[in-house]
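Structure first, commentary second.
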């Protein structure tokens, strides 16, 4: 599996910094690019483990047999899946990020949480510098100025697994073809929204040359899923924001060929090999005003400085490779099927599927 990371520094977008005090006015695109790069490094490390597992989840559970539905027959599926991630995805080492002119409030607490890493307990301190690398100072004592930037919290999952649930509708079409549609309608909550939509097409090529009495079917399948998730980040008191939003978009593609074998009326096994691709995009949108303060001075002497950025982060990442699947289906009664499958890519995924056949 190969990973391609395109880290855009947004140098050509409406991105600028203004650092202003009683004695100086600085407008420096270099600092803007540096801050955007730092945020990109951070959000990339923060979101990547979850994005990879989530993209793999989107490509599971599409089928439980290579035999397509009869023409105009319908099946409604409830699909649950989970992709397992290693312990190393829970935290990342700050000192391996390559962030410039940035320190930790607690330098000994350097293993920071990812999206699946739980609550954050530290804070970034960003120190702007001039073109010679000297930190800016302000006030009568020449104290260095810095911006306090809070970290994002994550969540925790049991058994190191990223879960997923999606309903799916399958319709039998003429010529041994089956149309699949899955998704979750837009859900809006307190500071977030989520939508997931997918479509797929399966064709039983085995019908043209495999003896039906053998109980063996062979199909090819192609599917596409798109997910968009937006949330309003929780910011520290030193940051004022307008139209703030973190947006995650995942578009996944799967092309697969698979066979199934029916044993009697109730039991079947199926397995396949194919190609998958997941394109993930993470953007930090909006206008952010960070408050710089002279470090080490009493509050009464602080001369605040404002640091303004617009749309500072845009990360695109593509994840693709081969996938292998193996599963088992059980149909105790004609209109009900339970199936489970295991999928292996760079990570392992388990899937459970309940189907109601009409």
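Numbering (my numbering), first residue to last: 925 to 1282.
All C-beta atoms in this analysis are idealised placements derived from N, C-alpha and C, irrespective of residue type, glycine included.
Residue range 1260-1268 is occupied by the beta strand (DSSP E) that includes residue 1266.
Secondary structure at residue 1131: helix, using DSSP grouped into helix, strand and coil. Beta-bridge annotation (DSSP): residue 1016 is paired with 1036. In the same chain as residue 1090, and ignoring 5 residues on each side of it, the C-beta atoms closer than 7 Å to its own belong to 1003, 1106, 1107, 1108, 1120, in chain order.
In the three-state reduction of the DSSP assignment, residue 977 falls in the helix class, which pools H, G and I. Separation of residue 1144 and residue 1188 (C-alpha to C-alpha, rounded to the nearest whole angstrom) is 24 Å. Per DSSP, residue 1094 is one residue of the beta strand (DSSP E) stretching across 1085-1097. In the structure shown, residue 1059 adopts extended strand secondary structure according to DSSP, grouped into three states. A distance below 6 Å between beta-carbons, with the five flanking residues on each side excluded, links residue 994 to the following residues of its chain, in chain order: 1096. Contact between the region 985-992 and the region 1069-1077 is absent: fewer than 3 CB-CB pairs across the two stretches fall below 8 Å. In the same chain as residue 1170, and ignoring 5 residues on each side of it, the C-beta atoms closer than 6 Å to its own belong to 1155, 1157, 1208, in chain order. Among the bridge pairs identified by DSSP, residue 962 is matched with none. Residue 1047 and residue 1115 have their C-alpha atoms spaced approximately 23 Å apart. The DSSP-derived three-state label of residue 1075 is coil.
Shown here, residue 954 sits in a helix according to DSSP, grouped into three states. Of the candidates 1153, 1023, 1146, the residue whose Cα lies closest to the Cα of residue 1111 is 1153. Ranked by Cα distance from residue 988, the first of 1182, 1060, 1212 is 1182.
Following the DSSP letters along the chain, one finds residue 1142 inside the beta strand (DSSP E) bounded by residues 1140-1155.
The Cβ atoms of residue 1178 and residue 1150 lie no closer than 9 Å to each other. For residue 1251, the enclosing beta strand (DSSP E) stretches over residues 1237-1257. The count of Cβ pairs closer than 8 Å, one atom from the region 1187-1205 and one from the region 954-965, stays below three, leaving the stretches out of contact. By the 16-neighbour rule on beta-carbons within 10 angstroms, residue 977 is buried.
The secondary-structure analysis by DSSP pairs residue 1117 across a beta bridge with 1112, 1154. Distance from residue 1147 to residue 1130 at the Cβ level is roughly 19 Å; contact not present, criterion being Cβ atoms closer than 8 Å. In the same chain as residue 970, and ignoring 5 residues on each side of it, the C-beta atoms closer than 7 Å to its own belong to 1038, 1039, 1076, in chain order. In the DSSP assignment, residue 1005 falls within the beta strand (DSSP E) that extends over 998-1008.
A straight line joining the alpha-carbon of residue 1267 with that of residue 1058 spans about 53 Å.
Here residue 1068 is actually not in contact with residue 1050; their C-beta atoms are around 11 Å apart, not less than 8 Å. Contact between residue 1083 and residue 1272 does not hold, since their C-beta atoms are separated by about 12 Å, which reaches or exceeds 8 Å.
The beta carbon of residue 1042 sits closer than 6 Å to the beta carbons of 1078, 1080 from its chain, once the five residues preceding and following it are set aside; these are given in chain order.
Excluding its 5 nearest sequence neighbours in each direction, residue 1139 has C-beta neighbours in its own chain below 8 Å: 1185, 1186, 1187, listed in chain order. Residue 1264 sits away from residue 1246, with the two beta carbons spaced by 9 Å or more.
Residue 1030 and residue 985 have their C-alpha atoms some 44 Å from each other. Looking at 957, 966, 973, the one whose alpha-carbon comes closest to that of residue 1270 is 973. Residue 1194 is bridged by DSSP to 1184, 1251. CA-CA distance, residue 1054 to residue 957, rounds to 13 Å.
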